[in-house]
Amino acid sequence: MTGKPIQRIADIGRLPEGLRGGVVAIGNFDGVHRGHMAVLDCSLEGARALGAPALVLTFEPHPRAFFRPDEPLFRLTPAPLKARILAGLGVDAVIELPFDAGLAATAPEDFVRTILDDGLAIRRAVTGFDFHFGRNRQGGPAFLMAAGERHGFGVELVEAFCDEGGDTVSSTRIRDLLAAGDASQAAGLLGYRFTVEAEVSHGQKLGRTLGFPTANMVLPDTVALRHGIYAVRLRRPDGSLHDGVASFGRRPTVEDGGKVLLETFLFDFAGSLYGETCTVSFFGFLRPELKFDGLEPLVGQMRRDAEEAKALLSGVRPLGEIDLALGF
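Counting in this note's numbering, the sequence shown runs from 33 upward without gaps.
Dropping the structure here:
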């Protein structure tokens with residue numbers, strides 16, 4: 033990941049003085065997709081014009097996970113990855129406000145006074161046109177604009193961003209596409225390739241005996257990506273990039289009902305990655321996970337998968353500034 037380090041702040045009472053008086057983009061920003069970019073671009077332009085810090089105010093955990101804990105939420109960008117993407121875009125700090133029962137019960141006026149005014153001393157707030165906040169979502173766009181006048185900060189509302197087909201870009205649409213294995217269309221809405229991050233761990237090392245040594249990663253159970261084979265690109269902590277082919281799933285040919293793993297075979301790497309926290313970006317879905325009648329047909333298919341992945345990756349280009357921020 034390129035870009036300057038970013039400050040992640042959970043306690044606004046410990047906000048550095050140099051970050052007070054900023055322009056703040058407010059929202060969940062899960063995925064930091066093209067719709068979010070419309071809000072972020074507006075806030076970054078405002079911060080540059082005012083010579084003020086550019087901040088993002090978001091919530092951890094995601095409010096949906098708080099209100100519906102029994103419904104697993106597929107987070108497109110967990111907090112550490114989201115913060116680093118924001119850093120690559122030029123954001124100075126991300127305020128990760130703890131979302132708990134106390135915050136959920138906060139009256140909208142108290143939210144504005146204690147967090148936006150007293151806590152951050154903002155000069156301008158930028159958010160989506162349908163942003164709601166406070167107890168029972170009582171605070172809406174009209175309330176925020178009126179509160180800004182009372183407290184002395186500007187408010188800018190950004191209209192919904194639509195794709196080329198006229199449909200609103202949303203995190204929900206992207207989750208649905210990834211659950212169907214459509215990494216390419218998901219990338220079109222994200223503006224970059226869907227990316228995961230995890231530590232490389234030891235596995236059974238069967239791939240090594242088959243001539244396909246893999247970097248194994250255990251992803252959160254909530255990652256609802258379709259099981260199958262993908263063309264991918266892995267980035268190491270030292271910044272180096274490596275093309276590869278990855279299997280995400282349970283390995284039905286060699287293991288019956290095993291745990292879900294992301295196993296990445298790199299085309300141009302022969303060293304050890306154990307213990308490294310790497311990112312893997314998904315460029316295209318090649319095929320679903322299949323059960324083969326033995327190891328020989330499996331290996332034959334793996335060779336074909338590798339060649340198909342190489343062909344797909346040979347022609348890829350950055351989709352936008354987030355791809356570049358991810359170190360494309």
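Virtual Cβ for every residue (Gly too), placed ideally from N, Cα, C. Just so you know, these numbers come straight off a predicted model, no measurement behind them.
- Below 8 Å, too few C-beta pairs join the region 178-198 and the region 309-320 to call them touching: fewer than three.
- With at least 16 other beta carbons inside 10 angstroms of its own, residue 72 counts as buried.
- Three or more Cβ pairs closer than 8 Å define a contact, and the region 72-86 meets that threshold against the region 54-64.
- In this chain, residue 139 is not harboured by any beta strand (DSSP E), its DSSP state being neither H nor E.
- Excluding sequence positions up to five before and after residue 190, its CB lies within less than 8 Å of the CB of 70, 71, 74, 158, 159, 160 and 161, all in the same chain and listed in chain order.
- For the pair residue 47 and residue 124, the CB atoms are not nearer than the 8 Å cut-off.
- Between the alpha carbons of residue 117 and residue 352 lies a gap of roughly 12 Å.
- Looking at 217, 300 and 338, the one whose alpha-carbon comes closest to that of residue 196 is 217.
- Sequence-distant partners of residue 171 (beyond 5 residues in either direction) whose C-beta falls short of 7 Å from its own C-beta, in its chain, are 140, 143, 164 and 165.
- In the structure shown, residue 98 adopts helical secondary structure according to DSSP, grouped into three states.
- Straight-line spacing of the CA atoms in residue 253 and residue 133 works out to 25 Å.
- Secondary structure within the region 76-126: the alpha helix (DSSP H) runs of 4 or more consecutive residues, fully enclosed, are 95-99 and 111-121 (chain order).
- Taking 8 Å as the upper bound for CB-CB distance, residue 280 and residue 260 are in contact here, some 7 Å apart.
- According to DSSP, residue 249 shares a beta bridge with 232 and 294.
- Contact check for residue 250 against residue 228 fails: the beta carbons are separated by 8 Å or more.
- Counting only the Cα atoms, residue 273 lies some 14 Å from residue 303.
- Counting C-beta atoms within 10 angstroms of its own C-beta, residue 276 has 16 or more neighbours from the protein chains shown and is therefore classed as buried.
- Shown here, residue 39 sits in a strand according to DSSP, grouped into three states.
- When the alpha-carbon of residue 174 is set against those of 43, 188 and 136, the nearest one is in 188.
- From the listed residues 343, 318 and 360, the smallest Cα separation to residue 350 is found for 360.
- As the crow flies, the alpha-carbon of residue 168 is around 11 Å from that of residue 135.
- Annotation for residue 84: 53, 54, 55 and 155 place their beta carbon closer than 7 Å to its own, counting only its chain and skipping 5 residues before and after.
- The distance from the Cβ of residue 222 to that of residue 65 is about 5 Å, consistent with a contact at the 8 Å cut-off.
- Taking 4 residues as the shortest admissible run, the region 294-348 contains the following complete alpha helix (DSSP H) segments, listed from N- to C-terminal end: 327-345.
- The distance from the Cβ of residue 263 to that of residue 345 is about 5 Å, consistent with a contact at the 8 Å cut-off.
- With respect to the C-alpha of residue 283, the residue from 224, 324 and 247 having the closest C-alpha is 324.
- Beta-bridge partners assigned by DSSP to residue 55: 86 and 156.
- Comparing alpha-carbon positions, the option among 138, 49 and 234 lying closest to residue 152 turns out to be 49.
- Between residue 212 and residue 309, the CB-CB gap reaches or exceeds 8 Å.
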